[in-house]
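J.: Okay, handing you the structure first.
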Amino acid sequence: MTLATAAQTATWTYVDGDWYEGNVAILGPRSHAMWLGTSVFDGGRWFEGVAPDLDLHAARVNASATALGLKPSMTTEEIVGLTWDGLKKFDGKTAVYIRPMYWAEHGGYMGVPADPESTRFCLCLYEAPMIPPSGFSVTVSPFRRPTIETMPTNAKAGCLYPNNGRAILEAKGRGFDNALVLDMLGNVAETGTSNIFLVKDGHVMTPAPNGMFLSGITRSRTINLLGDYGFRTIEKTLSVRDFLDADEIFSTGNHSKVVPVTRIESRDLQPGPVAKKARELYWEWAHSTSAA
């Protein structure tokens, strides 16, 4: 049986100077990225007429490419401009995921390292509704985040995500929506898809960046917005027990921005006032002139 490869939602991809509709084929069996996973990406979002922090996402994909030994070929401004051109191809009714990517086509010594001169670029835009703000459940994963010594954790690299994927699949197999992933020291790092925050006795806390997880753009934006409102976020080492005892838990990430956690292990939680305020502040900022 032949597997259907058509795009599952409306999709437009810019590659090699042109826009193509659908899930355009861009890799072959000899492509280094297909074989050895040398790809990086970033994820912006368009929703309700805005694309907050698009410039930061465009800049980060270039930084990720450099960290993985690839050679960026687009400027931040070019990626942003292409994105707005591509967004005109959609009807504006559904949120769009914005994914610039670089990958290696050829390898170097014995085929293992990427040849930076073979770096290619594409920009893929596709409809992807956000998850509802009602919340999701998490369970502690048996799988952990790698260190910089073992994987390119300083890049948003495609090769990191199978680990997240197996963490989520294992969690879903036990009846949860998502995984709470620890770092190699046994401290909480993130969920399988986002950064994570807790609130205890009115104090907002989130794991301190330690090189084992990506300190997200939406995470930083939320910290700043909460700070401007009067909630100082404490970045510190946090244990599973800290989260089990929390008054509130919420996540931040590009896919769905700010979403509460409503169950951790066997404990149910209500969406709390800080999570609600963080989401309100993000939406207000995203629709403001300062986000343009």
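In our numbering, the protein residues as written are 687 to 978. A virtual CB, placed ideally from N, CA and C, is assigned to each residue, including glycine. Just so it is clear, the structure is predicted and the values come from calculations on it, not from any experiment.
Check the C-beta distance from proline 838 over to leucine 722 and give it rounded, since I have them as a contact under 8 Å.
T.: The residue you call residue 838 lines up with position 152 of the sequence shown. The residue you call residue 722 lines up with position 36 of the sequence shown. Not really, about 12 Å apart at Cβ, beyond 8 Å.
J.: Alpha carbon to alpha carbon, how far is proline 802 from threonine 699?
T.: One-based indexing of the sequence shown puts residue 802 at position 116. One-based indexing of the sequence shown puts residue 699 at position 13. Distance between the alpha carbons of proline 802 and threonine 699 is about 22 Å.
J.: Please return the same chain residues whose Cβ sits closer than 8 Å to the Cβ of leucine 742, not counting the five positions on each side in sequence.
T.: Along the sequence shown, read from residue 1 onward, the residue named residue 742 stands at position 56. Counting only Cβ-Cβ distances below 8 Å, and skipping sequence neighbours, we find Ile903.
J.: Using the Cα positions of leucine 846 and phenylalanine 776, report the straight-line distance between them to the nearest angstrom.
T.: Residue 846 sits at position 160 when you count from the first residue of the sequence shown. Residue 776 sits at position 90 when you count from the first residue of the sequence shown. Cα-Cα distance, rounded: 30 Å.
J.: With a threshold of 6 Å on Cβ separation, who are the neighbours of leucine 809 within its own chain once the five nearest residues in sequence on each side are excluded?
T.: Counted from its first residue, the sequence shown places residue 809 at position 123. For leucine 809, where only same-chain residues beyond five positions count, the Cβ hits under 6 Å are Tyr700, Leu768, Pro786.
J.: Are the C-beta atoms of proline 802 and some chain B residue less than 8 Å apart?
T.: The structure shown contains no chain B, having only a single protein chain.
J.: Just to confirm the assignment: which complete alpha helix (DSSP H) runs, minimum length 4, are found wholly within the region 892-961?
T.: 903-915, 926-930
J.: For glycine 708, which residues does DSSP report across the bridge?
T.: Along the sequence shown, read from residue 1 onward, the residue named residue 708 stands at position 22. Paired residue(s): none; glycine 708 is not in a bridge.
J.: Between which two residues does the beta strand (DSSP E) holding leucine 809 run?
T.: Here residue 809 corresponds to residue number 123 of the sequence shown, with the count starting at 1. Taken as a continuous stretch (DSSP letters only), the beta strand (DSSP E) holding leucine 809 covers 805-813.
J.: Determine the burial state of valine 766: buried for a count of at least 16 other Cβ atoms within 10 Å of its Cβ, exposed for fewer.
T.: Taking the first residue of the sequence shown as 1, we reach residue 766 at position 80. Buried.
J.: Go ahead and label tryptophan 770 buried or exposed: buried means 16 or more other beta carbons lie within 10 angstroms of its beta carbon, across all protein chains shown.
T.: Against the sequence shown, residue 770 aligns to sequence position 84. Flag for tryptophan 770 reads exposed.
J.: From arginine 746 to arginine 907, what distance separates their C-alpha atoms?
T.: For the purposes of this step, residue 746 is taken as residue 60 along the sequence shown, with counting starting at 1. For the purposes of this step, residue 907 is taken as residue 221 along the sequence shown, with counting starting at 1. Their Cα atoms are separated by approximately 15 Å.
J.: Determine the burial state of valine 890: buried for a count of at least 16 other Cβ atoms within 10 Å of its Cβ, exposed for fewer.
T.: In the sequence shown, the residue the question calls residue 890 occupies position 204. That one is buried.
J.: Alanine 894 and glutamate 921: beta carbons closer than 8 Å?
T.: What you label residue 894 is simply residue 208 of the sequence shown in a count that begins at 1. What you label residue 921 is simply residue 235 of the sequence shown in a count that begins at 1. Remark: C-beta atoms of alanine 894 and glutamate 921 approach each other more closely than 8 Å.
J.: State buried or exposed for leucine 871, treating a residue as buried only when at least 16 other CB atoms are found within 10 Å of its CB.
T.: Residue 871 sits at position 185 when you count from the first residue of the sequence shown. Leucine 871 comes out exposed.
J.: Could you check where the beta strand (DSSP E) with alanine 790 kicks off and where it finishes?
T.: As a first step, residue 790 is located in the sequence shown; it is residue number 104 there, counting from the start. Unbroken beta strand (DSSP E) run through alanine 790: 782-790.
J.: DSSP three-state call for threonine 874: helix, strand or coil?
T.: Taking the sequence shown and counting its residues from 1, the one referred to as residue 874 is at position 188. The residue asked about is misnamed: residue 874 is valine in this sequence, not threonine. Three-state DSSP puts valine 874 in a strand.
J.: Under 8 Å: do the region 787-798 and the region 817-832 share three or more Cβ pairs, one atom per stretch?
T.: no
J.: Just checking my contact of lysine 842 with phenylalanine 727 at CB under 8 Å: how many whole Å lie between their CB atoms?
T.: For this step, residue 842 is matched to residue 156 along the sequence shown. For this step, residue 727 is matched to residue 41 along the sequence shown. Rounded, the Cβ-Cβ distance is 6 Å, consistent with contact.
J.: When the Cα of threonine 697 is compared with those of Leu689, Lys963, Tyr706, which residue comes out closest?
T.: For the purposes of this step, residue 697 is identified with residue 11 of the sequence shown, where counting begins at 1. Closest option to threonine 697, Cα to Cα, is Tyr706.
J.: Specify, as a first and last residue, the run of the alpha helix (DSSP H) that lysine 842 falls within.
T.: In the sequence shown, counting from the first residue as 1, residue 842 sits at position 156. Where lysine 842 is concerned, there is no enclosing alpha helix (DSSP H), given that its DSSP letter is neither H nor E.
J.: Identify the continuous beta strand (DSSP E) that holds leucine 884 and give its terminal residues.
T.: Here the question's residue 884 lines up with position 198 in the sequence shown. DSSP places leucine 884 in the uninterrupted beta strand (DSSP E) bounded by 881-886.
J.: Mapping the DSSP letters down to three states, classify alanine 692 as helix, strand or coil.
T.: Along the sequence shown, read from residue 1 onward, the residue named residue 692 stands at position 6. Reduced to three states, the DSSP call for alanine 692 is coil.
J.: What is the C-beta distance between phenylalanine 929 and leucine 866, in whole angstroms, given that I count them as a contact (C-beta under 8 Å)?
T.: Against the sequence shown, residue 929 aligns to sequence position 243. Against the sequence shown, residue 866 aligns to sequence position 180. Confirmed, Cβ separation roughly 7 Å.
J.: Among all the DSSP beta bridges, which residues are the ones paired with tyrosine 847?
T.: If you number the sequence shown from 1, residue 847 lands on position 161. Partner(s): none; tyrosine 847 has no beta bridge.
J.: Can you name the start and end residues of the beta strand (DSSP E) that arginine 830 belongs to?
T.: Position 144 of the sequence shown, counting from 1, holds the residue named residue 830. That run of the beta strand (DSSP E) goes 822-830.
J.: Note down the Cα distance separating arginine 905 from leucine 689, rounded to an integer number of angstroms.
T.: Mapped onto the sequence shown, residue 905 falls at position 219. Mapped onto the sequence shown, residue 689 falls at position 3. If you take the alpha carbons of arginine 905 and leucine 689, they lie about 37 Å apart.
J.: Once the 5 residues before and after aspartate 739 are set aside, which same chain residues still bring their CB inside 8 Å of it?
T.: Within the sequence shown, the letter at position 53 stands for residue 739. Hits under 8 Å: Gly730, Ile903, Thr904, Arg907, Ala977.
J.: Please identify the residue among Ser925, Ala964, Leu900 whose C-alpha is closest to the C-alpha of isoleucine 834.
T.: Within the sequence shown, residue 834 is the residue found at index 148, counting from 1. When each option's Cα is compared against that of isoleucine 834, the closest is Leu900.
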